[in-house]
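The listed protein sequences correspond, in order, to chains A and B.
Going by the numbering used here, the first residue of the first sequence is number 45, and it counts up by one from there.
Going by the numbering used here, the first residue of the second sequence is number 5, and it counts up by one from there.
All C-beta atoms, glycine included, are put in the ideal place defined by N, C-alpha and C.
Below you'll find the structure, written out as structure tokens, and then a few comments.
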Amino acid sequence: MTLSRLVLRSMRKNVKHYYLYFFALIFSVTLCYSFTTLHHNPTVVEALKESGTAAAGFQSATFVLYFIITFFVLYANHLFMKRRSKEIGLYQLIGMTKGLIVRLIALENIILFIFAVALGMVIGFFSSRLFAMILIKLLKLDLVIELVFSPKAFTQSVIIFSILLLVILFQMTWMVYRVTLLSLFHASKKADERIKRFNFFQMTFGLLGLLLIVYGYYESSILFDAEKSLFKDIFLHMLVILASTILGTFLFFRYSVSFIMNIFRASKKGHLKIRDVMAVTQIMHRMKGNAKSLTLITVLTGLAVGIMSLSYISYYSSETRARQFSPYDYTLVNDKGISFLDRLHQEGIEFKKDTYRVAEVTFNFQDLVGDITNENLTFSTESSMYVISLSDYKQVVPDAQINEGETIITSYQNMFSEVVPLEEGGDFSVQYHNEEAKFVLKEVQEKFMLSGTITMASPVLVVTDTAFENISANQTSESSFNYQVGVNLVNSEDIPKAEEIYTDIQEERKLVVNGQEYLPLSYEEEKQGYLSIYGTTIFITAFLGLAFLLTTGSILYFKQMSEAEMEKESYTTLRKIGFSTSDLMRGIYAKQAFNFGVPLVIGLLHSYFAVKSGWFLFGTEMFTPLVVTMVLYVVMYAIFAVISTQYYKRIIKASL
Amino acid sequence: MTVLVGRKIKKTYGKKSTAQEVLKGIDIEVNKGEFVGIMGPSGSGKTTLLNVLCSIDHPTEGVVEINGKNLRNMKEKQLANFRREQLGFVFQDYNLLDTLTVKENILLPLSISKLPRAVAESRLKELVKLLGITDILNKYPNEISGGQKQRTSAARALISSPTLVFADEPTGALDSKSATSLLTNLENINKQKSVTIMMVTHDSVAASFCSRVLFLKDGAIYTELYRGDKTRQQFFQQILNTQSILGGDGYDA
């Protein structure tokens, strides 16, 4: 038999045998190639031109994607080389040199790889349009995407995959050369633990693992609460949390699981149920070898879900954020562009308007937050703040009431209210024109009414009308913002027309304060701005999330595949002595629930605590985006569990 | 009382053009309390016959009845239940689960039965005492010797009090001392508890423990020997003689 015939034969066998590896390879290429193609698509480039960060985001995401896929392909290749160790050993046994074996497998790998890359690129080319459409949809733009072949994307991908192929070949060569004939035959058994009886060491570490995870969660819940934490440096704090949860996760899989199962098993005193035989004892048996990969999967799951949730939180909060920055549909500042109102009248567009007189003060909120001990929040506690009068405030909050000397701080929420909560009832002083006035903080509100152009996201102070007259005296439109008109349309159908007018009088609306030029944005413009940033972000993170999902799911599936094959003999025995397929499958379901479920649940827990500790930096709503992301992830992840279970079923059916 | 009946059992492998008839119409009857050996050269169909009789494999033609029940009419699940409740198995390569202790391995067949734990425990005690493996109950298979493994396997076969025990080359992987000890145990169990045993072997010594030995040649029964009142040594001689008549290399290995 010639070398080429041997290669062809073994390939035919392997494509059938390793079809998931093959599909995973194709899928990776598809993902990578469509991402790069998308990145070079002229329409997309045009759509993203406005936000400078998008291009950089795409670029770095491409690198991360390459990294994930390289890692994944190497892992899969390693696993399959291990599974083929017997075959390699056999070749050596019949007298082939290692060089010849390397050539044999290299040839096989090259053909397989080229085939997968070619196929993946074709699929990737077509799917890039689908992805582009998703992106445009996320950005809420109205564009038609055309399929464009990008030579640049093509060359880039070909180069990357050629390098990847070289790396795989190198890994393969290394594996063939490194191992001796004897160890080749044992390779598939190496990782299995020879079962030892329960010991104290295991119990201690098992307990420690659980404690470390809980400790990490606790620390994450007080990440911004400097008083309670030992760690004053926020980055050190984050590192401690990360290290403690990851180490805890590893110890959990390595020791706690066996520990818990050991207790369970000991309590049975030898009278195991078939489900325990199929699940518990097998899991215990392989925990040493599986601990690392399960930890990896848990951490990757946590990371992927965490990042996707945060970007979804950002995207989900786009409208709320836009509303906070532009509380009114249209804002006119310091009487600039007041002709907008006349134009609206002329066009017969109905609207409502509120007017605000505004004054600026400086104040030190140190007085209101008690002790700021977190050294990382090193911003100056002295800041400027805008003041409105109670009667203007009543336009949005009709039943607001304060006495002389009392104030309300409003537009205070999200990040600020989480990190620096203000104490109601405290007193503080404000400065204006070398004068000082003392006030009591009656309440803190979240309502927004002044445009972000004026406030630059700082809170708004509401004082009584008398106090306001004092503060606002001597303030001119040259030195500060002193007047705002907020316009809300009655009918949303009028938005396009009103936008047109608003843009039309752009020049009139420009204002200069303290030598700086400002141009207030409409709510729609603001919203579009947020959407384009966060739409791109969520698109990129979802893409990466998909790659993570593919990696973790496939790794688990590959692992289960080889476990199933290793346990085939036991299934034969069990079936012979009288267990039916369905008896054995009951155990398999439990085992799959563990292997897929536990990393998933712990990963989700990790991401929940991670997201909870800092979500307010990203958006205004946590619950819905987090749950949606998790549910989507779980559903797609479950697909792998299902095909893995199907694989077991096939093996068990064929075992007798 | 007849425990097992096989009528005109035929087994063919392969497609029509390349069909190979491994069993060519075998008739067999086994009575309660018998210890039947099946001998024959390699490729004579010993193991195939055993697999067909014990419901692991289906015959191409013919009928197998155990305790009056026709195996052909049973579904996969029923067959599995039947094997678990009525039959016991001892295999050449032990087929113990590495992940279970000796005790767990022995109790395995009871793992979906509703037998009370106390009953299972007392049966276990009796068996392990009989087989001499009381001290290794909490060990794992990789910590014990081949002979101990096979005795564990025998205990597993007997734990559900089966009507019929099938043994496929149980001594094939054992040294002669362990083999003799296992066979003595099987013989004792056969006599004391009147458990019916059917054993495939190519070892004449092993066969000499049986009460009856069937000789298979080319998929058909060539002859059968009864031990009767003969001593084991006499029976062994008789088996050797038959084997030499059977021709070929006689002692296949």
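Review point. Tell me the DSSP bridge mates of K603/A?
Key: In DSSP, K603/A forms no bridge with anything.
Check your understanding: Is it the case that the Cβ atoms of S215/B and R231/B are separated by a distance below 7 Å?
Key -> yes
Exercise for review: Report the residue from G143/A, A586/A, H83/A whose alpha carbon sits nearest the alpha carbon of N672/A.
Suggested key: Just to set this straight, residue 672/A is Val in the shown sequence, not Asn. Looking at the Cα atoms, A586/A is the closest of the given residues.
**Study point:** Proximity test, Cβ basis, 7 Å: G314/A and chain B
**Key:** yes
Practice item. Answer with buried or exposed for S566/A, where buried requires no fewer than 16 other C-beta atoms within 10 angstroms of its C-beta. Key: buried
Exercise for review: May I have a chain-ordered list of the alpha helix (DSSP H) segments no shorter than 4 residues that lie completely inside the segment 638-685 of chain A?
Suggested key: none
Point to revise | Selected residue, minimal CA-CA separation from M703/A, among R298/A, G168/A, S129/A | key: Not covered by the structure: residue 703/A. The range shown for chain A is 45 to 700.
Review point. Helix, strand or coil: how does DSSP classify R216/B here?
Key: strand
Exercise for review: Leaving aside the five residues before and after L81/A along the sequence, list all residues of the same chain whose C-beta is less than 7 Å from its C-beta, in chain order.
Suggested key: Inspection of the sequence shows that residue 81/A is occupied by Thr rather than by Leu. Closer than 7 Å at Cβ, skipping near neighbours: G168, F169, S172, S194, A197.
Practice item. Compare the C-beta of T64/B with all C-beta atoms of chain D and state if any pair is closer than 7 Å. Key: Here the protein chains are A and B, and chain D is not one of them.
Review point. Is D232/B helix, strand or coil when you go by DSSP?
Key: The question names Asp, but residue 232/B is Gly in the sequence shown. Coil, per DSSP.
Review point. Would you report the Cα separation of T364/A and M493/A, rounded to the nearest angstrom?
Key: 13 Å
Practice item. Establish whether the CB of F623/A and some CB of chain B are separated by less than 7 Å. Key: yes
Practice item. State yes or no: is the beta carbon of K332/A nearer than 7 Å to at least one beta carbon in chain B? Key: no
Practice item. Kindly identify the DSSP beta-bridge partner or partners of L401/A. Key: The residue you asked about is not Leu; residue 401/A is Arg in the sequence shown. Its beta-bridge partners are Y527/A.
Point to revise | Nearest to D471/A (by Cα), restricted to the options Y356/A, V464/A, F483/A, I446/A | key: F483/A
Check your understanding: Going along chain A in order, which residues have a C-beta closer than 7 Å to the C-beta of I60/B?
Key -> K620, L700
Practice item. Using only alpha-carbon positions, find the residue among E391/A, I446/A, I498/A, E487/A that is nearest to A542/A. Key: E391/A
Check your understanding: Run through DSSP, which three-state label would F170/A get?
Key -> helix
Review point. If the cut is a Cβ gap below 9 Å, which residues of chain A does R155/B touch?
Key: What R155/B touches in chain A: nothing, since even the nearest Cβ is about 16 Å away.
Check your understanding: Cα separation between S362/A and L575/A?
Key -> 6 Å
Point to revise | Partners in chain A for L162/B, counting only beta-carbon separations shorter than 8 Å | key: Result: empty, since nearest Cβ-Cβ is about 12 Å, beyond 8 Å.
Exercise for review: Please report how far the alpha carbon of L628/A lies from the alpha carbon of Y119/A, in whole angstroms.
Suggested key: 30 Å
Practice item. Give a yes or no on whether 7 Å exceeds the smallest Cβ distance from S311/A to chain B. Key: no
Check your understanding: Would you say R236/B reaches chain A, if we count a Cβ-Cβ gap shorter than 7 Å as a contact?
Key -> no
Practice item. Measure the beta-carbon distance from I696/A to E609/A and round it to whole angstroms, keeping in mind my assumption that it falls under 8 Å. Key: Actually they do not touch by this definition, with Cβ atoms about 12 Å apart.
Review point. Applying a beta-carbon distance threshold of less than 8 Å, which residues of chain B neighbour D627/A?
Key: A84, I116
Check your understanding: For T227/B, which residues does DSSP report across the bridge?
Key -> F219/B
Check your understanding: Contact check, S455/A vs V504/A under 8 Å by CB: the rounded distance?
Key -> 5 Å
**Study point:** 8 Å Cβ shell around Q154/B - same chain, five flanking residues per side excluded
**Key:** V94, Y98, P174, T175, A177, L178, S182, L186
Practice item. Output yes or no for whether 7 Å exceeds the beta carbon distance between M322/A and S302/A. Key: no
Point to revise | Distance between R11/B and I30/B (C-alpha atoms, nearest Å) | key: 6 Å
Review point. For A685/A, which of V431/A, K57/A, R53/A, K603/A has the nearest alpha-carbon?
Key: K603/A
Check your understanding: Is any beta-carbon of chain A found at less than 7 Å from that of E33/B?
Key -> no
Point to revise | Test: L104/B CB closer than 7 Å to a CB of chain A | key: yes
Exercise for review: My understanding is that V556/A touches S524/A, with C-beta atoms under 8 Å, so please give their C-beta distance in whole angstroms.
Suggested key: So it is not a contact: roughly 12 Å between Cβ atoms.
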